[in-house]
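Chains as they are written, first to last, in the working numbering: chain A, 31 to 125; chain B, 137 to 618.
Don't be surprised by glycine CBs; every beta carbon is placed ideally from N, CA and C.
The structure presented is a predicted model; accordingly, all values stated were derived computationally and were not measured.
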């Protein structure tokens, strides 16, 4: 199982990244080399091994459902590239 | 002695005796930055600096860091001060809040510098060559890299442009540049220091930690930034030890493991020799040295570049031109086109490479073959460490297989660059703490770092061993000529 130019194109679309043609070509070559290296993991027998997604023995950390103050809207909107009233402004979504 | 060259303890003593004031320290730093940063490029946005902003803090000399300036990596949120991860996509971002570590440092009396330290974009790199603000040079030889991704933090401390600095470490990003620049750098246990306000790269691996001129400063900063934080659900509710208290305790009888897999092909012969001498020094100080095996070491880089990029691809989805930073604007574009153009133009090459690799590893048809497999091998790597720590107190290794490499040497070969993290990555995968301390110089005058690793939440043993070694050797007193 490898990675070719078509796969990179497909994945870049999933990641919402536009690539120029020469970028696509270079990235495909580099990623192929990296994946070939990573394929060495296939040499290991992992049949009875549990996956470790997280190192700490904790799961579902919950907090009390208590209201607390949050950042003021004006402050959170300060860095937005486009805004209107209390909202982030984006291109039209529904035609 | 110029104030910018001194450590926290010495400066605090002078402040208490009223020999100096806090603005004196800041001014000596700014003078130094003005003199040498054109050569080093340890800080970003220096030209925007209006000296004085950071001096408005009233500091209390009674507080543990009262009057001490702290330099901060560009990926740690500082309220009102630009935090851009050295990426075009976050251009102009001024966080509306402080990271927990910044809050704790301010409460301890520290003064946070307004200019931030240079880094590889989003911490993606091992050389600080992937910054949109240009490369950071190594203060020991400006033709060489400072390491990365916290290259600016390490170089600023080494060049006396900082008293202490904060970095972040996902696969070695504190320890490797500390090693390349001849300073002390610690990656704490995962969960020891809150990650709230650290712009996330790989959430199961990232930790914030100090980069300092000596081991004592490192212990002082760690005591302040550690501890449980309800805003970070992965921070652990354990009491924070008084780290500086263990400094000076002897290391007689301490069992130190030396993994043989770290001394095989790929290690520079000079580095190997210097590390072996450091191990001899530890033996002379009374430690018991034992050779051990970490058999899955050779798989760590491959595991890391799947897990870290998978997590990064998810974390970096938030940079879409809507809430902050750069947006590719054109009224003709629909939403999806806007996302694609913003991300295509806003991210640098390494960021695109990693997001695409991570998205690939998580995508339908490849998830089991790559991501799930990597998680399972991570378990094997962690078990290797568990086994060694059953009867050893700590492990020593080189921090990096080579000293600093030349600027430009590896930038076009990503795989070669990734392999330079081979000795540091495992600590992140296993979640354990690790420190890098200076342990000698090559014939060409480049520093070499010794890495010490310990069981989770056992930073005390790292400080104890590191301090004993430091006090017996001259390396931490060496200064680059600039």
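Practice problem: Spatial neighbours of residue 440 of chain B within its chain, please: CB distance less than 6 Å, with the 5 preceding and 5 following residues excluded, ordered by chain position. | Solution: These residues qualify, in order along the chain: 307 and 561.
Exercise. Closer than 7 Å by C-beta to residue 502 of chain B: which residues in its own chain qualify, once you throw out the five before and the five after it? Chain order, please.
Key: Contacts found: 496.
Quiz item: Would you call the region 549-563 of chain B and the region 292-302 of chain B in contact, with 3 or more CB pairs under 8 Å?
Solution: These segments do not touch.
Quiz item: Is residue 229 of chain B helix, strand or coil when you go by DSSP?
Solution: In this structure, residue 229 of chain B counts as coil in the three-state DSSP scheme.
Self-check item: Which of helix, strand or coil DSSP assigns to residue 45 of chain A
Solution: Coil.
Quiz item: How would you list, in chain order, the residues of chain A whose beta-carbon sits under 7 Å from the beta-carbon of residue 480 of chain B?
Solution: Correct list: 47, 48 and 49.
Exercise. Identify the contact partners of residue 83 of chain A in chain B, using a Cβ-Cβ distance below 9 Å as the criterion.
Key: In chain order: 340, 443, 511 and 514.
Quiz item: Considering only C-alpha positions, which residue in the set B:335, B:467, B:222 and B:250 is nearest to residue 165 of chain B?
Solution: Closest option to residue 165 of chain B, Cα to Cα, is B:250.
Quiz item: Between the C-alpha atoms of residue 210 of chain B and residue 368 of chain B, what's the straight-line distance to the nearest angstrom?
Solution: The alpha-carbon of residue 210 of chain B is positioned some 20 Å away from that of residue 368 of chain B.
Quiz item: What separation, rounded to the nearest whole angstrom, lies between the Cα atoms of residue 325 of chain B and residue 305 of chain B?
Solution: Using only the alpha carbons, I get a separation of about 11 Å.
Quiz prompt | Buried or exposed by the 16-neighbour rule on C-beta atoms within 10 Å, applied to residue 124 of chain A | solution = It counts as exposed.
Practice problem: Check the Cβ of residue 492 of chain B against every Cβ in chain A and list those closer than 8 Å, keeping chain order. | Solution: Within chain A, the residues placing a beta-carbon under 8 Å from that of residue 492 of chain B are 38, 41, 42, 45, 47, 57 and 61, ordered along the chain.
Self-check item: Spatial distance of residue 589 of chain B from residue 198 of chain B (CA atoms)
Solution: Rounded to whole angstroms, the separation of the alpha carbons of residue 198 of chain B and residue 589 of chain B is 34 Å.
Quiz item: So, do the region 506-522 of chain B and the region 41-53 of chain A have three or more beta carbon pairs nearer to each other than 8 Å?
Solution: In short, these stretches do not touch, since the Cβ pair count stays below three.
Practice problem: Please check if any C-beta of chain B sits within less than 7 Å of the C-beta of residue 121 of chain A. | Solution: Residue 121 of chain A has a beta carbon lying within less than 7 Å of a beta carbon in chain B.
Quiz item: Would you call residue 463 of chain B buried or exposed, if buried means 16 or more other Cβ atoms sit within 10 Å of its Cβ?
Solution: Around the beta-carbon of residue 463 of chain B, 16 or more other beta-carbon atoms lie within 10 Å, marking it buried.
Practice problem: Report buried or exposed for residue 529 of chain B, applying the criterion of at least 16 other Cβ atoms within 10 angstroms of its Cβ. | Solution: Residue 529 of chain B is buried by the Cβ-count criterion.
Quiz item: Taking the alpha carbon of residue 659 of chain B as the point to measure from, which residue in B:217, B:547 and B:196 has its own alpha carbon closest?
Solution: The requested residue 659 of chain B does not occur in the structure, where chain B is confined to residues 137 to 618.
Quiz item: Start and end of the beta strand (DSSP E) containing residue 119 of chain A?
Solution: For residue 119 of chain A, there is no enclosing beta strand (DSSP E), as DSSP gives it neither H nor E.
Practice problem: Grab me the residues of residue 571 of chain B's own chain with a C-beta within less than 6 Å of its C-beta, minus the 5 sequence neighbours each way, in chain order. | Solution: If the five residues before and after residue 571 of chain B are omitted, its C-beta is found closer than 6 Å to the C-beta atoms of 322, 588, 598 and 602, all from its own chain and listed in chain order.
Quiz item: So with Cβ pairs under 7 Å, would you call residue 328 of chain B a contact of chain A?
Solution: Under the 7 Å criterion on CB atoms, residue 328 of chain B is classed as non-interfacial with respect to chain A.
Quiz item: Would residue 325 of chain B count as contacting chain A if we go by Cβ distances under 7 Å?
Solution: Chain A, which has no Cβ nearer than 7 Å to the Cβ of residue 325 of chain B, makes this no.
Quiz item: For residue 100 of chain A, does the count of other Cβ atoms within 10 angstroms reach 16, so buried, or fall short, so exposed?
Solution: So residue 100 of chain A counts as exposed.
Exercise. Name the two residues that bound the continuous beta strand (DSSP E) containing residue 572 of chain B.
Key: Unbroken beta strand (DSSP E) run through residue 572 of chain B: 570-577.
Quiz item: Looking only at C-alpha atoms, which of B:311, B:316 and B:222 sits nearest to residue 542 of chain B?
Solution: Of the residues B:311, B:316 and B:222, the one whose Cα lies closest to the Cα of residue 542 of chain B is B:316.
Quiz item: Going by beta carbon distance, what residues of the same chain come within less than 6 Å of residue 448 of chain B, once the five residues before and after it are set aside?
Solution: Hits under 6 Å: 337, 338, 490 and 494.
Quiz item: What is the residue span of the alpha helix (DSSP H) that residue 73 of chain A lies within?
Solution: DSSP places residue 73 of chain A in no alpha helix (DSSP H); its state is neither H nor E.
Quiz prompt | Contact under 7 Å by Cβ, residue 356 of chain B with residue 380 of chain B | solution = A contact, by the Cβ cut-off of 7 Å.
Self-check item: Minimum C-alpha distance to residue 60 of chain A - residue among A:114, A:38 and A:80
Solution: The option with the nearest alpha carbon to residue 60 of chain A is A:38.
Practice problem: Tell me whether residue 500 of chain B is buried or exposed, calling it buried when 16 or more other Cβ atoms sit within 10 Å of its Cβ. | Solution: Result: exposed.
Exercise. Return the first residue and the last residue of the alpha helix (DSSP H) that residue 305 of chain B is part of.
Key: Element bounds for residue 305 of chain B: not the alpha helix (DSSP H) but the beta strand (DSSP E), 300-305.
Quiz item: Do you know offhand how far residue 40 of chain A's Cα is from residue 479 of chain B's?
Solution: When rounded, the separation of the alpha-carbon atoms in residue 40 of chain A and residue 479 of chain B is 16 Å.
Quiz item: Going by Cα to Cα distance, which pick from B:417, B:281, B:244 and B:374 is closest to residue 547 of chain B?
Solution: Per the C-alpha coordinates, the member of B:417, B:281, B:244 and B:374 positioned closest to residue 547 of chain B is B:281.
Quiz item: Closer than 7 Å, CB to CB, is residue 181 of chain B near chain A or not?
Solution: Not one chain A Cβ lies under 7 Å of residue 181 of chain B.
Quiz item: Near residue 649 of chain B, what residues of its chain come up, given a Cβ to Cβ distance below 7 Å and the 5 sequence neighbours on each side ignored?
Solution: With chain B covering only 137 through 618, there is no way to say anything about residue 649 of chain B.
Quiz item: Quick one, which of B:614, B:276 and B:240 has its alpha-carbon nearest residue 365 of chain B's?
Solution: Among B:614, B:276 and B:240, the Cα nearest to that of residue 365 of chain B is on B:240.
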